[in-house]
Amino acid sequence: MAEKWAVVTGAGSGIGAVVAGAAVKRGYRVAAWDLNREGLDALAADIGDGCVTRACDVTDEAAVEAAVADLPTSPAVLVNCAGLVRFGPLLDLSLADWELALRVNLTGTFLVARTVARRMAAAGQGSVVNIASINGVAAAPHAGSYTASKAGVIRLSEQQAMEWAPLGIRVNTVAPGLIDAGMSDAIYADPEVRRVREGAVPLKRLGTSDDIAEAVLFLASEQASYITGQCVTVDGGLTKATLANLPRPASIDSVGTDGPTGS
Ligand SMILES: NC(=O)c1ccc[n+]([C@@H]2O[C@H](COP(=O)([O-])OP(=O)(O)OC[C@H]3O[C@@H](n4cnc5c(N)ncnc54)[C@H](O)[C@@H]3O)[C@@H](O)[C@H]2O)c1
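For reference, each letter of the sequence shown is one residue, going 1 to 263 in full-length UniProt numbering.
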């Protein structure tokens, strides 16, 4: 049987590395791309022959074009996972930090997807999964341009899905919630912050990279062949919990028709 390739960007660390490993376990050969050469080497040591690593800056058009041209065949799957965050209040945010997050998270997603989709279009099939964030769904304090970039990823994915459906290419987004990995390691190193955040999640735990990889590989797979243009939020219910996290007096929660109404 012909090899099925999956391209995973940001595969040198955190969620992307776990997605790459999970893809290999499901029979894909993985083209693992990242700026972080050390991280890619660690991934290769971990998953061996199943992956081919390449140092590639997702914002560098020539580098992305060369990486796509070097793929032995049109990939079945692209996962755009490379990303970064620069925290800080908007009033103090430098233009350079604003532009960096937009460039990597949004422009990088556009550039890699566009270049890979040209090969997928020629093959008449493919599936793209772009990694956004719950920050693309709801604002968070001091997330700077990260929030705007991830909201952009969600809308960009819908645009790609509509333009590329006639070409046989599906495009979906996964929006991870509070994930105990990668760029959030510094947040969850604080035990009190960790405890309060876990408590705010309806499923009462932080998410893992495996939780994200499962959703990504489902959307990428044939089992999802009728799903395109969707954003799957993998957050243990957090973004639906605005009202659930508010205190209520127990006295109003009796079943019946005479009590107070509303939320
Ligand atoms: N960890 C979380 O809590 C969380 C939550 C929501 C969304 N996400 C998203 O998940 C994705 C992975 O995040 P993570 O937590 O694993 O972070 P991470 O920092 O561990 O991994 C991100 C990877 O992207 C790579 N990268 C950055 N700029 C690049 C560039 N220009 N070209 C190529 N590679 C580049 C980095 O080298 C790094 O290996 C990101 O898109 C992030 O926004 C993470």
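Here a beta-carbon is modelled for each residue, glycine too, at the ideal position from N, C-alpha and C.
- For the set VAL153, VAL193, LYS25, ALA189, the Cα lying nearest the Cα of VAL174 is the one of VAL153.
- With a cutoff of 8 Å on beta-carbon distance, VAL234 and GLY207 are scored as near each other.
- Beta-bridge partners assigned by DSSP to ALA143: GLY88.
- Short note on VAL104: C-beta closer than 7 Å to some heavy atom of ligand 1.
- The beta carbon of THR59 sits closer than 8 Å to those of ARG103, VAL104, THR107, GLY108, LEU111, all from its chain and outside the five residues before and after it, given in chain order.
- Residue range 4 to 9 is occupied by the beta strand (DSSP E) that includes LYS4.
- Of the heavy atoms belonging to ligand 1, at least one sits nearer than 7 Å to the Cβ of ASP34.
- For PRO89, same chain residues with a beta-carbon under 6 Å away, outside a window of 5 residues either side, are HIS142 in chain order.
- By the neighbour-count definition (other C-beta atoms within 10 Å, threshold 16), GLY27 is an exposed residue.
- In the DSSP assignment, ALA122 falls within the alpha helix (DSSP H) that extends over 108 to 123.
- Counting every other CB atom within 10 Å of its CB across the protein chains shown gives ILE134 a total of 16 or more, marking it as buried.
- For the pair CYS56 and VAL18, the Cα-to-Cα distance works out to about 18 Å.
- Considering only ALA117, LEU40, ILE47, the residue with the shortest C-alpha distance to ALA69 is ALA117.
- Taking C-beta separations shorter than 8 Å and ignoring five residues to either side along the sequence, the partners of GLY124 in its chain run LEU167, GLY168, following chain order.
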